[in-house]
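First comes the structure, then the notes that go with it.
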Amino acid sequence: MQQVVERVLGAEEEARARLERAKKQAGAIRSAADENASALLAEARADALAANKRRLEEARGAAAELLNAARATEDAKAALAAAEADQRSDTIVAAIVAIITGRPHPGP
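Quick note: the sequence shown, position 92, residue 91 per numbering that gives the first Met the number 0, numbers continuous.
Here it is, written out as structure tokens:
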């Protein structure tokens, strides 16, 4: 009977030791998984940040191109308007000169 009790107690002690080793191993695995997840999350954040920066630079470049094109269009319109205004001014001056001198004005 003593031997049976000793075997049962030994088996219980061995079971406790195995359980403790399993808990430690599970803790180590959990800790490694947490570290791995943190590293993956940090990498994903860095990748997302880099992608957002790249998209922002692309958008800025596209906006600059649109702005430059709009400025060029407006500059061309302004140059055309200035040329037309100069031509009208010349016509008006010629008409005034014709009136003052009494000569017939050739027209526009």
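Even glycine gets a Cβ: it sits at the ideal position worked out from N, Cα and C.
Given a cut-off of 8 Å, decide if Pro103 and Ala97 are closer than it, judged by their beta-carbon atoms. yes
Which value, in whole angstroms, describes the spacing of the CA atoms of Glu56 and Arg44? 18 Å
Report the rounded CA-to-CA distance for Glu83 versus Arg70, giving the unit in angstroms. 20 Å
Indicate whether at least one CB of chain C lies closer than 8 Å to the CB of Arg87. The chain inventory of the structure shown lacks chain C, comprising one protein chain alone.
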